[in-house]
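Novice:
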Amino acid sequence: MFEEPSHAPLLRLECNKQDCNYIATFVQDSAEVIILDVRIPCTPVAKLDNHRGRVNGMAWAPHSSCHICTAGGDSQALIWDIHTMPRPVDDPILAYQANGEINQVHWAAAFPDWISICYKNMLEILRV
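Going by this note's numbering, the sequence shown opens with residue 9, and the numbers climb by one from there.
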């Protein structure tokens with residue numbers, strides 16, 4: 009079982025639909041996404057920490073087991089390639105700067121080349 013060291017609440021969980029061994033989560037008011045392997049859940053296999061503000065959401069790619077998009081209060085949507093795990097994942101492979109704090113992100117299975125984000129009173133659809 010994973011327990012966050014500072015005992016802060018975990019806000020969201022997102023299961024990898026292509027590889028059910030991986031779950032992504034983040035801590036309240038944290039700028040870091042934690043990737044867990046359910047076979048060894050007590051130790052994160054990766055920490056994605058390039059956001060400059062708190063993380064608000066994440067979405068695994070519906071067509072790939074090693075891609076995840078994270079979005080946050082820094083107005084960024086970041087796409088990560090985690091295929092190098094357990095080695096550190098230092099930088100995202102793609103970044104998008106929105107015109108406001110991103111509150112929600114979704115990567116639809118029916119359209120894997122598109123990611124939708126919400127910020128302010130806007131919905132934006134991004135081609136990957």
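All C-beta atoms in this analysis are idealised placements derived from N, C-alpha and C, irrespective of residue type, glycine included.
When you compare the CB positions of Met-66 and Val-113, do they come within less than 8 Å of one another, or not?
Specialist: Mapped onto the sequence shown, residue 66 falls at position 58. Mapped onto the sequence shown, residue 113 falls at position 105. Yes, the Cβ-Cβ distance between Met-66 and Val-113 is below 8 Å.
Novice: Starting from Asn-111, trace the beta strand (DSSP E) in both directions and tell me its first and last residue.
Specialist: Taking the first residue of the sequence shown as position 1, residue 111 is located at position 103. Its beta strand (DSSP E) spans residues 110-115.
Novice: Since I believe Leu-134 is in contact with Ile-123 (beta carbons under 8 Å), could you give me their beta-carbon distance rounded to a whole number of angstroms?
Specialist: As a first step, residue 123 is located in the sequence shown; it is residue number 115 there, counting from the start. As a first step, residue 134 is located in the sequence shown; it is residue number 126 there, counting from the start. At roughly 5 Å, the Cβ-Cβ gap stays under 8 Å, so Ile-123 and Leu-134 are in contact.
Novice: What does the Cβ neighbour count give for Val-46, buried or exposed, with the cut at 16 atoms within 10 Å?
Specialist: The residue given as residue 46 occupies position 38 in the sequence shown. Val-46 should be labelled exposed.
Novice: Closer than 8 Å by C-beta to Ala-54: which residues in its own chain qualify, once you throw out the five before and the five after it? Chain order, please.
Specialist: Numbered from its first residue, the sequence shown carries residue 54 at position 46. Counting only Cβ-Cβ distances below 8 Å, and skipping sequence neighbours, we find Ile-42, Ile-43, Ile-90, Met-93, Pro-94, Pro-96 and Val-97.
Novice: For Gln-36, collect the residues of the same chain with a Cβ closer than 7 Å to its Cβ; drop the 5 residues on either side in sequence, then sort them by chain order.
Specialist: Here residue 36 corresponds to residue number 28 of the sequence shown, with the count starting at 1. Ala-16, Pro-17 and Leu-19.
Novice: Using the Cα positions of Ile-48 and Ala-85, report the straight-line distance between them to the nearest angstrom.
Specialist: Locating residue 48 in the sequence shown gives position 40, counting from the first residue. Locating residue 85 in the sequence shown gives position 77, counting from the first residue. Approximately 28 Å, taken between the alpha carbons.
Novice: Express the C-alpha separation of Phe-10 and Pro-52 in angstroms, rounding to a whole number.
Specialist: The residue given as residue 52 occupies position 44 in the sequence shown. The residue given as residue 10 occupies position 2 in the sequence shown. So the alpha carbons of these two residues sit roughly 8 Å apart.
Novice: Would you kindly report the start and end of the unbroken beta strand (DSSP E) that includes Asp-89?
Specialist: The residue you call residue 89 lines up with position 81 of the sequence shown. From DSSP, the beta strand (DSSP E) with Asp-89 extends over 84-89.
Novice: Buried or exposed, going by whether 16 or more other CB atoms sit within 10 Å of the CB of Cys-28?
Specialist: Position 20 of the sequence shown, counted from the first residue, corresponds to residue 28. Exposed, since its Cβ has fewer than 16 Cβ neighbours within 10 Å.
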